[in-house]
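Report on the following structure.
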Amino acid sequence: MSILSKLLIFVLLFLLTQFTFGQNQFRPEKLENSKIEIDGKLSAREWRNAIQVELKFETSPGNNSPAQKKTTGFITYSDTDLYIGIHAFDNPENVRASIRSRDDFKIYMQDDVVNISFDTYTDGRNNYILLANAFGSQLDVRAINALTDDQRYDGSFNMDFETAGSIVADGYQVEFKIPFSSLPFPNGKDQKWHFNIGRKYFDENNVEIEVQSQTFDRNNPCEVCQTTQVLLLNDIIIKKRFELLPYVAGNLSGIKPSRNASLDYDTLKPNAGLGLNIDLNKNSGLEITLNPDFSQVEADVTQIDVNSSFALEYPERRPFFNRGTDIVNFTDGAFYSRSINNPLLSSKLLSQAKKSRIYFLTAIDQNSPYQIAGEDRSYLGQGGQSFVNVLRYQRLVNKNTRLGLISTNRYYKDGGYGNLFGTDGWFLISKNWRL
Numbered sequence: 104m105s106i107l108s109k110l111l112i113f114v115l116l117f118l119l120t121q122f123t124f125g126q127n128q129f130r131p132e133k134l135e136n137s138k139i140e141i142d143g144k145l146s147a148r149e150w151r152n153a154i155q156v157e158l159k160f161e162t163s164p165g166n167n168s169p170a171q172k173k174t175t176g177f178i179t180y181s182d183t184d185l186y187i188g189i190h191a192f193d194n195p196e197n198v199r200a201s202i203r204s205r206d207d208f209k210i211y212m213q214d215d216v217v218n219i220s221f222d223t224y225t226d227g228r229n230n231y232i233l234l235a236n237a238f239g240s241q242l243d244v245r246a247i248n249a250l251t252d253d254q255r256y257d258g259s260f261n262m263d264f265e266t267a268g269s270i271v272a273d274g275y276q277v278e279f280k281i282p283f284s285s286l287p288f289p290n291g292k293d294q295k296w297h298f299n300i301g302r303k304y305f306d307e308n309n310v311e312i313e314v315q316s317q318t319f320d321r322n323n324p325c326e327v328c329q330t331t332q333v334l335l336l337n338d339i340i341i342k343k344r345f346e347l348l349p350y351v352a353g354n355l356s357g358i359k360p361s362r363n364a365s366l367d368y369d370t371l372k373p374n375a376g377l378g379l380n381i382d383l384n385k386n387s388g389l390e391i392t393l394n395p396d397f398s399q400v401e402a403d404v405t406q407i408d409v410n411s412s413f414a415l416e417y418p419e420r421r422p423f424f425n426r427g428t429d430i431v432n433f434t435d436g437a438f439y440s441r442s443i444n445n446p447l448l449s450s451k452l453l454s455q456a457k458k459s460r461i462y463f464l465t466a467i468d469q470n471s472p473y474q475i476a477g478e479d480r481s482y483l484g485q486g487g488q489s490f491v492n493v494l495r496y497q498r499l500v501n502k503n504t505r506l507g508l509i510s511t512n513r514y515y516k517d518g519g520y521g522n523l524f525g526t527d528g529w530f531l532i533s534k535n536w537r538l
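The working numbering applies: residue 104 is where the sequence shown begins, and numbers increase by one.
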């Protein structure tokens, strides 16, 4: 073979490699002076310089077969925000959508939706998933590497982002504006993330169809590990959060001694408190709350405990105790945040670095009820004021190995204490086996 022939083959292989690699790597153009108005309409002028991502693969019920309906994603960004637009082509009469409240899971169960998944640390630990329907109704969840859907998806995860959608002549369009300040990712102005764009719709037989911008291996139990398309961003600006959240409230009540008498008021019962949220850096944040007010938190759904062998547990709705608690939910019973009943003061340190995560919570609880199991019944007592500590550390040794430690303790002011220490590990032995 001549030198010229060898050189030609080398050039062709090089170009083929570059083409194949380029299909999985996206470097969007940065917006310099222009801005995108989030109105649910993909204006050609606003999105003219955005890179395009085609959703070519039907992953359910098809197994990476060619998508039957066209879907195109558009990506661009500014100093402080990531912009993603999605055009889902369809007959507009077939689009299913309703205006729903945020985080209503009917958005996913009953509507046509588009979604974006981010693995900002590129390590397969987490996927941050943002969804919206054709009217821009939002849903956001955090997914982890777990065996069941109940363990995999954390619906309590919330982040700030803006969406708008509209039904158009050839389908529907959705625009996302995602502040960099709301997404966890490593420090640095230049970023390399993994991402994936998806779409779900119903066909004429009411069968759910899912399409994605990359293939999906059904035999791989790690779903979050399969978000692998590369997004490259340069010269972004990271704004540190500083939130001062004071509140003042009061309560005044009275009774009428008789029908014709005026109200006899009790004394005014004032209340005040303060919240402070500070980003130490992009990976670490400190939250402090003094005499928090949870009066606006969603009420608990009534549960029946007749003939129940176990104590009732209610989901955590209080925002302060909700953020970051996924790291301590690796097992049942290690930490139940609702046991911190009436906090006077609480602080929380959250940190997620490239190879580790830290959760450290302290609280002074003004009322500390406890339950003691008996042979025939349980006994409820009041422990008075107590001091609570929760420390959780997780280390990512490599993509196949994670190790963790947890320590919780409670010290009662009037005497008594409880301590718990534990370790855990996660080992990926093979594609289909884990320990």
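Each residue gets a CB set at the ideal place from its N, CA and C atoms; glycine is no exception. Computed from a predicted structure; not experimentally measured.
Looking at the unbroken alpha helix (DSSP H) that takes in I210, where does it start and where does it end? Position 107 of the sequence shown, counted from the start, is the residue given in the question as residue 210. Its alpha helix (DSSP H) spans residues K209 to Q213.
Would you tell me roughly how many angstroms separate the C-alpha atoms of S137 and W150, rounded to the nearest one? Against the sequence shown, residue 137 aligns to sequence position 34. Against the sequence shown, residue 150 aligns to sequence position 47. Whole-angstrom Cα-Cα distance: 10 Å.
Residues that I154 bridges to, as DSSP identifies them: Indexing the sequence shown from 1 puts residue 154 at position 51. I154 is bridged to I178.
CA-CA distance, V314 and W529? Numbered from 1 along the sequence shown, position 211 holds the residue referred to as residue 314. Numbered from 1 along the sequence shown, position 426 holds the residue referred to as residue 529. When rounded, the distance between both Cα atoms is 30 Å.
If V493 sits next to L464, beta carbons under 8 Å apart, how far is it from one beta carbon to the other, in whole angstroms? If you number the sequence shown from 1, residue 493 lands on position 390. If you number the sequence shown from 1, residue 464 lands on position 361. Indeed they touch by this definition, with Cβ atoms about 4 Å apart.
Per DSSP, what kind of secondary structure is S442 in: helix, strand or coil? Counting from 1 along the sequence shown, the entry for residue 442 is found at position 339. Helix at S442.
Run through DSSP, which three-state label would I340 get? Along the sequence shown, one-based indexing puts residue 340 at 237. If DSSP states are grouped into helix, strand and coil, I340 belongs with coil.
Between S269 and K144, which are expected to be in contact by the criterion C-beta below 8 Å, what is the C-beta distance as a whole number of angstroms? Here residue 269 refers to the residue found at position 166 when the sequence shown is read from its first residue. Here residue 144 refers to the residue found at position 41 when the sequence shown is read from its first residue. Indeed, because the Cβ distance is near 6 Å, the residues count as touching under 8 Å.
Start-end ranges of the beta strand (DSSP E) lying completely within the segment 338 to 416, minimum 3 residues: 345 to 354, 372 to 382 and 387 to 393
Are there 16 or more other CB atoms within 10 angstroms of the CB of W296, so buried, or fewer, so exposed? Here the question's residue 296 lines up with position 193 in the sequence shown. So W296 counts as buried.
To which residues of the same chain is Y482 closer than 6 Å at the C-beta, ignoring the five residues directly before and after it? Working through the sequence shown from its first residue, we reach residue 482 at position 379. Around Y482: I475.
Exposed or buried, what is K457 when buried is set at 16 or more other beta-carbons lying within 10 Å of its beta-carbon? Here residue 457 is taken as the residue at index 354 of the sequence shown, counted from 1. The residue in question, K457, is exposed, as its Cβ has fewer than 16 Cβ neighbours within 10 Å.
From F319 to A466, what distance separates their C-alpha atoms? To locate residue 319, count along the sequence shown from 1; it is residue 216. To locate residue 466, count along the sequence shown from 1; it is residue 363. Each residue's alpha carbon lies about 44 Å from the other.
Cα-Cα separation, R203 to M212: Mapped onto the sequence shown, residue 203 falls at position 100. Mapped onto the sequence shown, residue 212 falls at position 109. Distance between the alpha carbons of R203 and M212: 12 Å.
Under the assumption that S285 contacts M262 (Cβ atoms under 8 Å), give the Cβ distance between them as a whole number of angstroms. Numbered from its first residue, the sequence shown carries residue 285 at position 182. Numbered from its first residue, the sequence shown carries residue 262 at position 159. Right, their Cβ atoms sit about 4 Å apart.
How long is the line joining the alpha carbons of F433 and G388, rounded to whole angstroms? Translated into the one-based positions of the sequence shown, residue 433 becomes position 330. Translated into the one-based positions of the sequence shown, residue 388 becomes position 285. Whole-angstrom Cα-Cα distance: 21 Å.
Should I178 go down as buried or exposed, given a rule of 16 or more other Cβ atoms within 10 Å for buried? Within the sequence shown, numbered from 1, the residue matching residue 178 stands at position 75. Buried, by the Cβ-count rule.
Looking only at C-alpha atoms, which of A352, G353, D369 and N354 sits nearest to P360? Sequence index remark: in the sequence shown, residue 360 carries index 257 (1-based). P360 has its Cα closest to that of D369, out of A352, G353, D369 and N354.
Can at least three beta-carbon pairs, one atom from the segment 411 to 427 and one from the segment 388 to 403, be found at a separation below 8 Å? yes
Tell me the DSSP secondary structure of P422 in three-state form. Taking the sequence shown and counting its residues from 1, the one referred to as residue 422 is at position 319. P422: helix per DSSP, three-state reduction.
Nonlocal neighbours in the same chain, by C-beta distance under 7 Å from Y520, ignoring five residues either side: Along the sequence shown, one-based indexing puts residue 520 at 417. Only N512, R513 and Y514 meet the Cβ criterion.
Using three-state DSSP, classify R130 as helix, strand or coil. Along the sequence shown, one-based indexing puts residue 130 at 27. Coil.
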